[in-house]
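Quick notes on the structure that follows.
In structure tokens form, the structure reads like this:
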């Protein structure tokens, strides 16, 4: 280039430079424009427009500002920008269902959204200000918004004890306990009970190899000739407590051979009193009498029987013990007698109480069970493949451990099996990289994984050892909810500090009371200071509530208190001494300070009693829920014997504030005046059923 | 070889510019999560399932602990108390009777009891046993299961509710 | 330029302030042009004259310049990113989310940095291949080639250290794999890993070390070596080729 040409730029270069500059500026404008027209700004404008058209504009826009809103809780690791678009969250006037989302207000919940943030409960990406990024699984964020049907799972992260506002969570936890998942998996908040499956050491004494073989095939109750199944365990519907394992006939033969082959203590056949035998042996109505006795002793409170009602087979009875429809074809008669006399001799951890049997009762009931609760075709189709005995037993031994039977069933002499399945105590906190999807086709997310795995383990892992469960409608969702609540130890110290630990009260009864308490297993149905079952009333304040003579009488002869209950307290045939000890303890120890039994009450006059009757029948119409005799409503207990049953001080206190004494009672809390209370108490105290305070031990000889 | 590079550059530019046009499409593709917090089978037709939101589910819970004994024909314990009572209380899903009563009226009768509203004294007052929010939740549940279905009454002013 | 415009401009520049900033008049002769280049802080490392042939696109495809341009972009965007970024364990990830969702043009800034980094790696590789193709490694340019290779390694290492900074799963596992590979080098492997991570595990120490490497140590090394690289080109005669190798 010549010196004079320096500095000259050719036209072509100028053109290229101009065009590329213009293009560059256009491209440069893309980023600011995207910023200007971002999604959240759109929603802010929309909210402003919506609020403008409403009567309470000022209130709705009080906190409005055109930038990004966020809820910041550093101790909970919460930085939630959801409120940028969801601006009506705290506005009570926007709760109507016609308000378009995202402006609708949050339903009223026990926690304030602005204090807790959104992602603590709903998960999802709180950082995001874009719709897709906030709600769904994206490249940079794995955890989508929790579907509403599982939202109660996050309640359970802090509320380790069940709360009434989260019924699905409570249901899920109950199902997990019922199905004994704890047998194979470690779970958060669930303790391994003392006994999961029965001790199989002496199974040889109880039943036959054919029965075991059939049971391993399908651990429900046994099908009848038509193939109808009457079900076992798990709240009277389809799912048995023992799962259905994937076994073939050879494996079943091996296992049954192994179990039958164990050395066990022989049972001495019981010698009934010869007079009883002589009297009852030939009686034609022996079995009917046995059935009557069976019914009178309310075995059905714990055990259910399949009956045909209205054309369909239903299980009537409780699910604390196994159902007994065909138990006569299952157990050996000697075993049954020894069991009834002392269940803990066979199953030390069993929950069956040790009744006080008279020989006569035992004889009758035994015959009833063995003669009527049977099915002669039960084991007809059982074909055990023939194989060398020794091989079977050895492979049965191996299979017992391999299939995980040892996780639930104990056999004396065998090492206890632990950790058969993976540790699930932090399952709800697992990230996608920790889950083994295998070749399954599903979105790579925790929730589809849990749903698929629990519903059908083989679909996720073809070699799964987890059995196949069949859940009732809605229970699969409940179990997933409960699983989502198990997040292990919280890494955020803020959340860790908020966890309401599971309060499992312990209650140890000792002394003579303790002996009777353990013998009759009161805690299976009743609660004592927070510990025990919920089938029957809480006895923590029984001493304040009931009079001691009444308690003594009730223990010997449990009566009907509530007209419509299916489950009643069985008649244990407690001795007089035991009844005295139990009643004494309850009356003296199980009291509440709210009821002062020693306070002196002035005598009630008959005027007060008639005024009380007037209040009862006319003003407050208590008969809508309570019966006196046979007239009245079914909701509350029968008051015909209220004078003998309830302490006066208790009645007074109860009428003042029932929920203070029994928190979940539905007796309405009314605002009685002091006179009304006295009048009603006076009336109730006059209700005495004559002839009830007597000891009535049913016919039967020595014990 | 100018034109190929010019075409390539303009193509790149066009693609870059069009990225900015994609914002609102993601909003319309978005499907909100499953709405049903709880559910209740229709009392008249058990095949039909009614979805319940949070408030209605709480109402369902309270109904089944406190109200079902008298206001339903079958209860979890078996028989219902309804036939013992004269006058018979309405079934909770009785839309013919209940739809015409306003929410305020129901709130009052549940809180204060039947005798305070010139109805049978057999209906107890729940105002001291249940919180006002809980009673509102029960009413919401009752509206949800009503047959014939409950229609929210029309308002005279703007379509948005007023506080 | 018209005479009136010229005289206006002259008047405008004819004051004390202007003359104290711009000490010399515009250069019009070759001699003053040389003085202007030599006497300028920013320009004195560059040659006064270049061969016309070396300005053609097909001579170098401007790859070296492009790499340098990208390096400048990376430095500037990197500094702007540093205003928003805390090299502390959970905060780093939150800051990346803030950049993505809250900061105006945060996405643009981060993507510029990221794209420039990927483009720079491509550019330096391409530059290396092209220099090899054109024989630019031949004497007397051998040492410059070595410097270039070192610059390549620095580029890659910068990329690697920058990868950890978002502190997400991708970053964490990439660095896990990389440092585990390093630990397999005989004798020096394990101490090197320990030095890099500031410990045995990837945690806050590792993040901080990588941040310092990425923002201070490696860029400084890079700047020095780039300067040397340019200096070498200029001193070895510029972007020219010997007559004997020249392609017609």
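Residue numbers (our numbering), protein chains in the order written: chain A, 98 to 800; chain B, 2 to 164; chain C, 2 to 249. Every residue gets a Cβ at the ideal spot worked out from N, C-alpha and C, and that includes glycine.
Check the Cα spacing between residue 183 (chain C) and each of C:172, C:171, C:56, C:197: the tightest is with C:197. Per DSSP, residue 176 (chain A) is one residue of the beta strand (DSSP E) stretching across 175-177. Residue 68 (chain B) has its alpha-carbon roughly 11 angstroms from the corresponding atom of residue 140 (chain B). Interface residue (Cβ-Cβ distance to chain B less than 8 angstroms): residue 721 (chain A) is classified as such. For residue 254 (chain A), the CB contacts under 6 angstroms within the same chain, skipping 5 residues up- and downstream, are 582, 584 in chain order.
With respect to chain A, the C-beta atom of residue 105 (chain B) has no partner C-beta closer than 8 angstroms. Taking one beta carbon from each stretch, the segment 766-784 of chain A and the segment 708-724 of chain A have 3 or more pairs nearer than 8 angstroms; the two touch. Residue burial is scored here from C-beta neighbours: residue 224 (chain C) has fewer than 16 other C-beta atoms within 10 angstroms and is therefore classed as exposed.
If you compare the alpha carbons of A:636, A:647, A:709 with that of residue 686 (chain A), the shortest gap goes to A:636. DSSP places residue 490 (chain A) in the helix class (H, G or I) of the three-state scheme. DSSP places residue 405 (chain A) in the strand class (E or B) of the three-state scheme. Two segments are said to touch when three or more pairs of C-beta atoms, one from each, lie closer than 8 angstroms; by this definition the segment 353-372 of chain A does not touch the segment 409-419 of chain A.
Put simply, the backbone Cα of residue 111 (chain B) is about 54 angstroms away from that of residue 105 (chain C). Excluding the 5 residues flanking it on each side, residue 39 (chain C) has same chain C-beta neighbours closer than 7 angstroms at 45, in chain order.
Secondary structure within the segment 400-458 of chain A: the alpha helix (DSSP H) runs of 4 or more consecutive residues, fully enclosed, are 430-438, 440-443 (chain order). One finds 661, 731 in chain A with Cβ atoms closer than 7 angstroms to the Cβ of residue 80 (chain B), taken in chain order. 8 angstroms or more divides the Cβ of residue 476 (chain A) from the Cβ of residue 424 (chain A). Distance from residue 252 (chain A) to residue 266 (chain A) at the Cβ level is roughly 6 angstroms; contact confirmed, criterion being Cβ atoms closer than 8 angstroms. Within chain A, the residues placing a beta-carbon under 8 angstroms from that of residue 105 (chain C) are 132, ordered along the chain.
Residues of chain B whose Cβ lies closer than 9 angstroms to the Cβ of residue 264 (chain A) are, in chain order, 39, 58, 61, 62. Around the beta-carbon of residue 180 (chain C), 16 or more other beta-carbon atoms lie within 10 Å, marking it buried. Excluding sequence positions up to five before and after residue 190 (chain C), its CB lies within less than 7 angstroms of the CB of 183, 184, all in the same chain and listed in chain order.
Exclusion of the five residues before and after residue 29 (chain C) leaves no residue of its chain whose Cβ lies closer than 8 angstroms to its Cβ. Against residue 225 (chain A), the close residues of chain C are 98, 101, 102, in the order they occur along the chain (beta-carbon pairs closer than 9 angstroms). Here DSSP, grouped into helix, strand and coil, assigns residue 38 (chain C) to helix. Interface annotation, residue 44 (chain B): not in contact with chain A, CB-CB separation never under 8 angstroms.
Residue 103 (chain B) is classed as exposed because its beta carbon has fewer than 16 other beta carbons within 10 Å across all chains shown. With contacts defined as CB atoms closer than 8 angstroms, residue 539 (chain A) and residue 528 (chain A) fail to qualify as a contacting pair.
Selection A:754, A:785, A:212 evaluated against residue 743 (chain A) yields A:785 as nearest (Cα-Cα).
Taking C-beta atoms as the reference points, residue 179 (chain A) and residue 215 (chain A) count as a pair closer than 8 angstroms. Closest in alpha carbon position to residue 518 (chain A), among A:561, A:116, A:384, A:525, is A:561.
One alpha carbon belongs to residue 246 (chain A), the other to residue 212 (chain A), and they sit about 23 angstroms apart. Look at residue 628 (chain A) here: in three-state DSSP terms it is strand.
For residue 95 (chain C), a Cβ of chain A is located within less than 8 angstroms of the residue's own Cβ. Non-local beta-carbon contacts of residue 755 (chain A) in its own chain, meaning distances under 7 angstroms to residues more than five positions away in sequence, involve 762, 764, 766 in chain order. When rounded, the separation of the alpha-carbon atoms in residue 213 (chain C) and residue 226 (chain A) is 31 angstroms.
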